[in-house]
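Okay, structure first, notes after.
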Amino acid sequence: MSRPEDNLTLSELHEQIDNLIQQLEQVQEPSQRKQLRKTLRKLQHQLLWQLDKMEWYVEVNGRYIKH
45 MSRPEDNLTL SELHEQIDNL IQQLEQVQEP SQRKQLRKTL RKLQHQLLWQ
95 LDKMEWYVEV NGRYIKH
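Numbering (our numbering), first residue to last: 45 to 111.
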């Protein structure tokens with residue numbers, strides 16, 4: 045079963061991560077901070093997973109090599 049955050053684009057993931065970081069800076073209650081950190085980690089892992097699935101090209105001596 046897919047989770048809603050699985051279908052987010054890279055820009056949406058970045059936006060949600062930025063929002064969570066801002067919320068973490070403002071929240072004082074420990075249980076709420078713990079939940080925000082947990083959600084933040086999940087989104088960061090999802091972002092890394094999506095970046096890992098992308099095709100990357102590196103320029104070496106004027107040539108582009110798929111990485």
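Note that the Cβ used here is the ideal one computed from N, Cα and C, for glycine as well.
CB contact flag (residue i, residue j, <7 Å)
i          : j          : result
residue 64 : residue 80 : yes
residue 57 : residue 95 : no
First through last residue of the alpha helix (DSSP H) which encompasses residue i
i          : result
residue 59 : 54-70
Residue i to residue j span [Cα, whole Å]
i           : j           : result
residue 114 : residue 66  : Here the chain comprises residues numbered 45 to 111, so residue 114 is not present and cannot be evaluated.
residue 77  : residue 90  : 20 Å
residue 107 : residue 98  : 19 Å
residue 45  : residue 68  : The pLDDT assigned to residue 45 is 41, lower than 50, so where the model puts this residue is not dependable, and the model offers no usable value.
residue 101 : residue 110 : 4 Å
DSSP bridge partner residues for residue i (one or two, in chain order)
i           : result
residue 110 : 101
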